[in-house]
Amino acid sequence: MNLVYLRLALKADDLFATKGEENECKGFELIEIGSKRLRNCIQEVSKDDGDGLKERYERERTAWNLYYDILDRVENALREGDQFAIELQERAKKLVNNFRVVIG
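Residue numbers (the working numbering): 1128 to 1231.
This is how it looks when you write it as structure tokens:
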């Protein structure tokens, strides 16, 4: 949690150090949104005498295990020439190729 606080503070400092009204607005927005998110995370992980953190860890671990199990199954199905897996791969390629990241 300390690392998250530090990253938030350093990013805000960077925005405020860079002159300009736009960056100042971004800095204030970052602090406002970031502090709300941090508060929610702290409340979640500290509920039930600290069991909230364990609970969240278990949920995320279960979700990531499911994600990797699905990837393994799709990869195996692709090697076997499964038509559904091939169509899924093509759809995923189209999504990735049509996706654009706007920076700035």
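Each residue gets a CB set at the ideal place from its N, CA and C atoms; glycine is no exception.
Asked                                                                                                                                           : Found
Determine the extent of the alpha helix (DSSP H) in which Val1131 is found, giving its start and end residues.                                  : 1129-1144
At what residues does the alpha helix (DSSP H) containing Arg1200 begin and finish?                                                             : 1178-1206
Do Gly1154 and Leu1142 come within 9 Å of each other at the CB atom, strictly closer than that value?                                           : yes
Beta-carbon within less than 8 Å of Glu1151's beta-carbon, same chain only, minus the 5 sequence neighbours each way: which residues are those? : Leu1142, Phe1143
In whole angstroms, what separates the C-alpha of Ile1197 from that of Glu1214?                                                                 : 15 Å
Given this structure, state the Cα-to-Cα distance separating Asn1167 from Ala1136, to the nearest angstrom.                                     : 17 Å
For Asn1165 versus Tyr1132, is the C-beta distance shorter than 9 Å?                                                                            : A quick correction: the sequence has Leu, not Asn, at residue 1165. Cβ atoms of Leu1165 and Tyr1132: closer than 9 Å.
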